[in-house]
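**Student:** Residue numbers (this note's numbering), protein chains in the order written: chain A, 829 to 1101; chain B, 177 to 289.
Ideal Cβ positions, reconstructed from N, Cα and C, are used throughout, including at glycine.
These numbers were taken from a predicted model, which means no experiment stands behind them.
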Amino acid sequence: EGTHASLVPELGRRRVLGLQGRLPEQNDAALRDFEATLLRMFGLQCRPRPSRSAVVPQYLVDLYHAQSGEAEQPGPPGATFQYPERSASRANTVRAFHHQESLEQVVADEWADVSGDDSPLRFVFNLSSIPPGELLSSAELRLYRQRIPGAELHSADQRRHRINVYEVLKVVRGGQLITRLLDTRLVQHDTSGWESFDVSPAALRWTHEHVPNLGLAVEVLHLNRTAAQQGRHVRLSRSLHTTPEEDWSQLRPLLVTYGHDGKGHPLTRRSKR
Amino acid sequence: SAKPRGRKKNRHCRRHPLYVDFSDVGWNDWIVAPPGYHAFYCQGECPFPLADHLNSTNHAIVQTLVNSVNSSVPKACCVPTELSAISMLYLDEHDKVVLKNYQEMVVEGCGCR
């Protein structure tokens, strides 16, 4: 707060000042030290100043409620939350990352709606905010699938999509990607919901082995190709459907990392107290 | 006539309520949840002889015993003997959302140590 410490509001600060008979400068310095100590305790270098565009993913809110024993609270309609028992049991810190949209290939963005091309879409997640002392145990890429209206009219074969998630190892001339498969799943487009893909090997390579992070690539294949369904089931890009901005911010791909900073116990699911 | 007997205040070491409200210090802009939490604190006397419920150590019993005959040796201190963790959901310095478990944030039990 400029020259003043921000921890204690002005009113409280004046009261403390009066009680202690200290000079304002001494008081502010003490409060600044106090705030810095508290922030260090929380593992922060400075006081966070969230921007207006910051979005808190519903998945982390649900995870928090499960953690604090408030999971009984009803979520949004249609929400299906599955507690990541295995990942959370080895971690005390969960971080959420959205991809850097500025790095998206414009061409790739267009195919999702129009061309029906099978080229994978590339997503780059900046994980540099993970502190060096935090050891990742796992990471998942979460993708939202939206039910295609009238899906019930299609045969089981026509409803099938395969989602492949790759780590990008190299980008060669012409934008072609050299990749390795991390996870794959066969889904049907008659339901909406989140799919979680294990991308731990890539996240560990980027953070532990300091291998350059070239991102992940996602490929959605409609097994019984029809122009009407191709590229319309999995929410990969902003332009895929004309929905409000808030909708995209909550439904866009999300990378979630599970790590431990060596302090304290892992996350455990609590019952309501 | 006998004086009306008020409820005798228990001054022995025990846990007291203490609610930490993040909005009071203006931290609710980056801490998404919880809005605050019950931290509690320990306060009270550690009298001679130490009762079982005061969770004392052998050392605290000896120190209290010595204090009863030599007041220059202080009494045992009323301190947290059991603490628990809380989870916090917040936005960090990079605008990233973090859910973290912080150990030893809540006093669960107090004792004389």
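Can you tell me whether B/Ala-227 is buried or exposed, with buried defined as 16 or more other CB within 10 angstroms of its CB?
**Tutor:** Taking all protein chains in view, the Cβ of B/Ala-227 is surrounded by fewer than 16 other Cβ atoms within 10 Å, so the residue is classified as exposed.
**Student:** Is the Cβ of B/His-229 closer than 9 Å to any Cβ of chain A?
**Tutor:** no
**Student:** When the Cα of B/Arg-191 is compared with those of B/Arg-289, B/Cys-288, B/Val-283, which residue comes out closest?
**Tutor:** B/Val-283
**Student:** Just the chain A side, please: which residues come within less than 9 Å of B/Glu-269 by C-beta, in chain order?
**Tutor:** In chain order: Leu-872, Gln-873, Cys-874, Arg-875, Pro-876, Arg-877, Ser-957.
**Student:** Start and end of the beta strand (DSSP E) containing B/Ser-263?
**Tutor:** 254-267
**Student:** Please return the same chain residues whose Cβ sits closer than 8 Å to the Cβ of A/Arg-1013, not counting the five positions on each side in sequence.
**Tutor:** Arg-990, Ile-991, Glu-1023, Phe-1025
**Student:** If you run the structure through DSSP and keep just helix, strand and coil, what is A/His-1050?
**Tutor:** Correct three-state label for A/His-1050: strand.
**Student:** State the Cα-Cα distance for the pair A/Leu-1042 and A/Asp-861, rounded to the nearest angstrom.
**Tutor:** Taking the straight line from one Cα to the other gives about 40 Å.
**Student:** How many angstroms separate the CA atom of B/His-270 from the CA atom of A/Phe-925?
**Tutor:** 11 Å
**Student:** Please report the distance separating the alpha-carbon of A/Thr-1007 from that of A/Leu-997.
**Tutor:** 5 Å
**Student:** What does A/Phe-953 touch in chain B if you count any residue whose Cβ is under 9 Å from its own?
**Tutor:** What A/Phe-953 touches in chain B: nothing, since even the nearest Cβ is about 10 Å away.
**Student:** Identify the continuous beta strand (DSSP E) that holds A/Ala-967 and give its terminal residues.
**Tutor:** Per DSSP, A/Ala-967 belongs to the beta strand (DSSP E) from 963-973.
**Student:** Using only CA atoms, which one of A/Asp-1018, A/Val-884, A/Arg-918, A/Gln-928 lies nearest to A/Asp-1089?
**Tutor:** A/Arg-918
**Student:** May I ask you to report which of helix, strand or coil DSSP gives B/Val-201?
**Tutor:** Assignment of B/Val-201 by DSSP, reduced to helix, strand and coil, places it in the helix class.
**Student:** I want to see whether chain B comes within less than 9 Å of A/Ser-1020, judged by CB atoms only; does it?
**Tutor:** no
**Student:** Per DSSP, which residues does A/Thr-1007 bridge with? Please list them.
**Tutor:** A/Val-996
**Student:** What does a CB cutoff of less than 7 Å around B/Asp-268 pick up in its chain, not counting 5 residues either side in sequence?
**Tutor:** When the five nearest sequence neighbours on each side are left out, the beta carbons in the same chain lying within less than 7 Å of the beta carbon of B/Asp-268 are those of Val-274, in order along the chain.
**Student:** Which residues in chain A sit within 9 Å of B/Asn-243, going by Cβ to Cβ distance?
**Tutor:** Ordered by position in chain A, no residue passes the 9 Å Cβ test against B/Asn-243, which lies about 32 Å from the chain.
**Student:** Taking beta-carbon pairs under 8 Å, can you tell me which members of the region 251-280 of chain B lie near chain A?
**Tutor:** For the region 251-280 of chain B, residues whose beta-carbon sits nearer than 8 Å to a beta-carbon of chain A comprise Ala-261, Ile-262, Ser-263, Met-264, Leu-265, Tyr-266, Leu-267, Asp-268, Glu-269, His-270, Asp-271, Lys-272, Val-273, Val-274, Leu-275, Lys-276, Asn-277, Tyr-278, Gln-279, Glu-280.
**Student:** In the DSSP assignment, find the unbroken beta strand (DSSP E) run with A/His-1088 in it and report its ends.
**Tutor:** 1082-1088
**Student:** Taking C-beta pairs closer than 9 Å, name the residues in chain B that A/His-1093 reaches, listed in chain order.
**Tutor:** Ala-261, Asn-277, Gln-279
**Student:** Using only the alpha-carbon positions, how far apart do B/Pro-223 and A/Glu-853 sit?
**Tutor:** 42 Å
**Student:** Using DSSP's beta-bridge definition, name the partner residues of A/His-989.
**Tutor:** A/Val-1015, A/His-1050
**Student:** Spatial neighbours of B/Cys-189 within its chain, please: C-beta separation below 8 Å, excluding the five flanking residues on both sides.
**Tutor:** Around B/Cys-189: Cys-218, Gln-219, Gly-220, Glu-221, Cys-222, Leu-230, Cys-254, Cys-286, Gly-287, Cys-288.
**Student:** Provide the residue span of the beta strand (DSSP E) that contains A/His-926, from first to last.
**Tutor:** It spans 921-926 - the beta strand (DSSP E) in which A/His-926 sits, taken as one unbroken run.
**Student:** Do you know offhand how far B/Ser-263's Cα is from A/Ala-894's?
**Tutor:** In a straight line, the C-alpha of B/Ser-263 is about 10 Å away from that of A/Ala-894.
**Student:** Hey, is B/Asp-197's beta-carbon within less than 9 Å of any beta-carbon in chain A?
**Tutor:** no
**Student:** B/Val-208 versus chain A: which residues are under 7 Å apart at the beta carbon?
**Tutor:** Val-884
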